[in-house]
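Below is one structure, written out as structure tokens; comments come after it.
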Amino acid sequence: MNQFLLLCVSAVAISSVHAFSSGAPEGVCADMTPKHPQTVPQDSESPYKIVLKKKSVAPGGSISVVISSPPGLSFKGFFVQARVGDKPVGQFTKSPSSKFYKVINCLGGSQNAATHIDAKAKSRVTLTWVAPEDLNESVNFVATVAKDGGEYWVGQQSEPVTVA
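Right, dumping it as structure tokens:
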């Protein structure tokens, strides 16, 4: 009986870890919080950075967004959206050579979030975001970055980007 219970618990634990190692599910779109068992977000300042290649972009234009770690530190997971207030806007694009992330649909949008595709250690990920054709205001990139399954920072914001 004990072996059966151990087998069941192990199967649940492995499936939970496997589910998040391939990226955040759509269920995290609103609050951006991983649903890792028995964990809470860090309340310290995130060591990770969201770096933007430009401070402004035209409607329909694209911008590179870089999530990076300081020397000697890496991260295993991330989830990022461009937002106006709490609403995700724009689309992330993915070229065939983009091997670190995938795009997902959030809150009725299309390709408006990006997340990791595996739990390998990363020190830098560059994403491409396209502004909506009809947007004429500032957006912030908001990210959750996970050092590992138990240590993560939620809601980290970039400097604003003007879409005009």
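Here the sequence shown stands for residues -19 to -1, 1 to 145, where the numbers follow mature numbering (1 follows the signal peptide of the UniProt record, and there is no 0). Just so you know, even glycine gets a beta-carbon here, dropped at the ideal spot from N, CA and C.
Item: Residues that DSSP places opposite S43 in a beta bridge; Value: V111
Item: Assigned secondary structure, V9 (DSSP; H/G/I helix, E/B strand, else coil); Value: helix
Item: Spatial distance of E140 from Y29 (CA atoms); Value: 14 Å
Item: Extent of the continuous beta strand (DSSP E) to which K30 belongs; Value: 30 to 33
Item: Residue ranges of each beta strand (DSSP E) within the region 43 to 75, 3 or longer; Value: 43 to 49, 58 to 65, 72 to 74
Item: Close beta carbons around F73, own chain, < 6 Å, minus the five adjacent residues each side; Value: V84, Q92, A95, L108, W110
Item: Whole-angstrom C-beta distance between E118 and V144, which should lie under 8 Å; Value: 6 Å
Item: Simplified DSSP state of F122, which is helix, strand or coil; Value: strand
Item: Residue closest to A112, alpha-carbon to alpha-carbon, out of F56, M13, S45; Value: S45
Item: Candidates P15, F60, L116, G89: closest to S37 by CA position; Value: L116
Item: Cβ-Cβ distance between F56 and V126 below 8 Å; Value: yes
Item: Beta-carbon proximity of E132 to Q19, cut-off 8 Å; Value: no
Item: Among V135, R64, S43, the one whose alpha carbon lies nearest that of K34; Value: S43
Item: Cβ-based burial, A63 [other Cβ within 10 Å; buried from 16]; Value: buried
Item: Same chain, Cβ closer than 8 Å to G41, five either side skipped, listed in chain order; Value: V111, A112, P113, E114
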